[in-house]
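The next block holds one structure in the form of structure tokens; read it before the comments.
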Amino acid sequence: MDYGFLTLILVACITPQGISAAYYGKALGPVIMKAHGFSGDVYAASENSIVIRNLNYDGNGPAAYFWGGFNSDLDNNGEQLPDENGSMNVLKGYQNAEVHLRLPKKITDYKSIGIYCKKFAADFGNVKIPPGYELPREESLGRLNPRQHNTMASEVILKDSATVMLRQFDYMGNCPGSAYFVAAPTPNPQPEQLTRLTCDD
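Mature numbering (1 follows the signal peptide of the UniProt record, and there is no 0) puts the sequence shown at residues -21 to -1, 1 to 180.
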């Protein structure tokens, strides 16, 4: 995959006035809705994780779970997937939610992913995994060269749609209000063009 459209802007001494559209991963497609108002847009965030945006589900299935199917539609020949909290409990309702699911297998080990009710053997909806689907992979974005405050890194690695890793990162730490941002490549991006990142040391 080509992630070259992203520019990493680190410890910028500005306060953003807005946030640009985020990148969630490689699109798998919208959910094919079948029951209980289950809908959403599914993205492959990494080889074994997905993001579901605009997730809606009424929560009324008595034994409904996120499900990885080994057939084109969900059935008992599949396996339960943990929810966004890692729980295997019956699913609650969702309204225009965004969830990140970590899967026990690679996305391509399944033929469909969605919500399945074990009690009634009912497929509430799913997204198909196309044959030969190319999984997202981590990619090096190159070196972060110093510009101000001796900010530099030997390599910037895009791990998945939500994670950037900096190797041998240096920063003087003397800029008030500094933070991590990404933006589309422009010479001087404006605050409203930036997406702020959280930091996990």
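By construction, the Cβ of each residue, glycine as well, lies at the ideal position given by its N, Cα and C atoms.
Integer Cβ distance of G72 from Y36, believed to fall under 8 Å: For the purposes of this step, residue 72 is identified with residue 93 of the sequence shown, where counting begins at 1. For the purposes of this step, residue 36 is identified with residue 57 of the sequence shown, where counting begins at 1. At roughly 6 Å, the Cβ-Cβ gap stays under 8 Å, so G72 and Y36 are in contact.
First and last residue of the uninterrupted beta strand (DSSP E) at F103: For the purposes of this step, residue 103 is identified with residue 124 of the sequence shown, where counting begins at 1. Per DSSP, F103 belongs to the beta strand (DSSP E) from 101 to 107.
N105 burial status per 10 Å Cβ neighbour count (16 or more: buried): One-based indexing of the sequence shown puts residue 105 at position 126. Per the 10 Å Cβ criterion, buried.
Spatial distance of R116 from Y89 (CA atoms): The residue labelled residue 116 in the question sits at position 137 within the sequence shown. The residue labelled residue 89 in the question sits at position 110 within the sequence shown. So the alpha carbons of these two residues sit roughly 18 Å apart.
Extent of the continuous beta strand (DSSP E) to which E26 belongs: The sequence position of residue 26 within the sequence shown is 47, counting from 1. Here E26 belongs to no beta strand (DSSP E), and DSSP marks it neither H nor E.
When T130, N68, D62, P41 are compared against A101, the one with the closest alpha-carbon: Position 122 of the sequence shown, counted from the first residue, corresponds to residue 101. Cα-wise, what sits closest to A101 is P41.
Rounded separation between I94 and M67 - CA only: Taking the first residue of the sequence shown as 1, we reach residue 94 at position 115. Taking the first residue of the sequence shown as 1, we reach residue 67 at position 88. Their Cα atoms are separated by approximately 13 Å.
Three-state class that DSSP yields for T142 in the structure shown: Taking the sequence shown and counting its residues from 1, the one referred to as residue 142 is at position 163. Three-state DSSP puts T142 in a strand.
Whether K107 touches S119 by CB criterion (8 Å): The count along the sequence shown starts at 1 and reaches residue 107 at position 128. The count along the sequence shown starts at 1 and reaches residue 119 at position 140. Not a contact, by the Cβ cut-off of 8 Å.
Assigned exposure category for Y112 - 16 Cβ within 10 Å defines buried: The residue given as residue 112 occupies position 133 in the sequence shown. Counting Cβ neighbours within 10 Å, Y112 comes out exposed, since fewer than 16 surround it.
Cβ neighbour criterion (16 or more within 10 Å) applied to S28: Position 49 of the sequence shown, counting from 1, holds the residue named residue 28. Looking at its Cβ environment, which holds 16 or more other Cβ atoms inside 10 Å, S28 is buried.
Three-state class that DSSP yields for D54 in the structure shown: Residue 54 sits at position 75 when you count from the first residue of the sequence shown. Of the three classes helix, strand and coil, the one that applies to D54 here is coil, per DSSP.
Whether F45 touches L60 by CB criterion (8 Å): If you number the sequence shown from 1, residue 45 lands on position 66. If you number the sequence shown from 1, residue 60 lands on position 81. Yes, the Cβ-Cβ distance between F45 and L60 is below 8 Å.
DSSP three-state assignment for D20, whether helix, strand or coil: Counting from 1 along the sequence shown, the entry for residue 20 is found at position 41. Note: D20 maps to strand in three-state DSSP.
Beta-carbon spacing of Y22, V30 below 8 Å: On the sequence shown, residue 22 is found 43 positions in, with the first residue counted as 1. On the sequence shown, residue 30 is found 51 positions in, with the first residue counted as 1. Going by C-beta atoms, Y22 is nearer than 8 Å to V30.
Start and end residues, beta strand (DSSP E) containing V78: The residue you call residue 78 lines up with position 99 of the sequence shown. First-last of the beta strand (DSSP E) with V78: 73 to 81.
Cβ-based burial, S25 [other Cβ within 10 Å; buried from 16]: By one-based count along the sequence shown, residue 25 stands at place 46. With 16 or more other Cβ atoms within 10 Å, it is buried.
Exposure of F99, with buried meaning 16 or more beta-carbon neighbours within 10 Å: As a first step, residue 99 must be located in the sequence shown, where it is residue number 120. So F99 ends up on the exposed side.
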